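The numbers in UniProt numbering rise by one with no breaks, and the one at position 75 of the sequence shown is 75.
Presented below is the structure to which this report refers.
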Amino acid sequence: MIVTATLEGSIIALLRLKTIEQSRLLTGMLVIPEYRGIGVGNALLTHCENTVFNDGDYCFAFKHLKHYYAQHGFKTIDTSALPNSLKMAYLRYVDSGKDLIPMQFITSDTPNSVVL
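Structural data, given as structure tokens:
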């Protein structure tokens, strides 16, 4: 699933959620450079937080973006709380040198989640 932000008919930002088995993973977000720093990314994430994201959606955030995603309902979780299909992908990314943390979108106290 791709969600876009447009201005006067042109795409200025997008976010991609990829379905992996029974889960969805936020695999990317991009804001066109000339629209960065003016709230477009926050507006796109707020829209998704209110209408697109479900409890149990995940992202692998770069550590420096942890608080950014936390502002939009994502909570840091332990690797052991990831579904197996996502855990394998996460470990591959980390083993390749990426500095990521697993996060889960949680609107309430979702049963069986481990929030750090």
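Note that beta-carbon positions come from the ideal geometry of N, C-alpha and C, so glycine has one too.
Everything numeric in this text was worked out from a predicted model, so none of it was measured.
Distance check between residue 74 and each of 101, 31, 91 and 87 places 101 closest, using alpha-carbon atoms only. Listed in chain order, the beta strand (DSSP E) runs fully inside the UniProt domain "N-acetyltransferase" (1-93) are 2-7, 10-20, 23-31, 58-62 and 74-76, counting runs of at least 3 residues.
Taking a cut-off of 8 Å on C-beta distances, the region 47-59 does not touch the region 32-39, as fewer than three cross pairs fall below it. When the Cα atoms are used, residue 59 and residue 104 turn out to be separated by approximately 6 Å. Rounded to the nearest angstrom, the Cβ distance from residue 63 to residue 99 is 5 Å, consistent with a contact under 8 Å.
Looking at 85, 91, 61 and 12, the one whose alpha-carbon comes closest to that of residue 22 is 85. In the DSSP assignment, residue 101 falls within the unbroken beta strand (DSSP E) covering 100-105. Check the Cα spacing between residue 16 and each of 7, 5, 9 and 29: the tightest is with 29. Taking residue 76 as reference, the option from 88, 56, 89 and 93 with the minimal CA-CA separation is 56.
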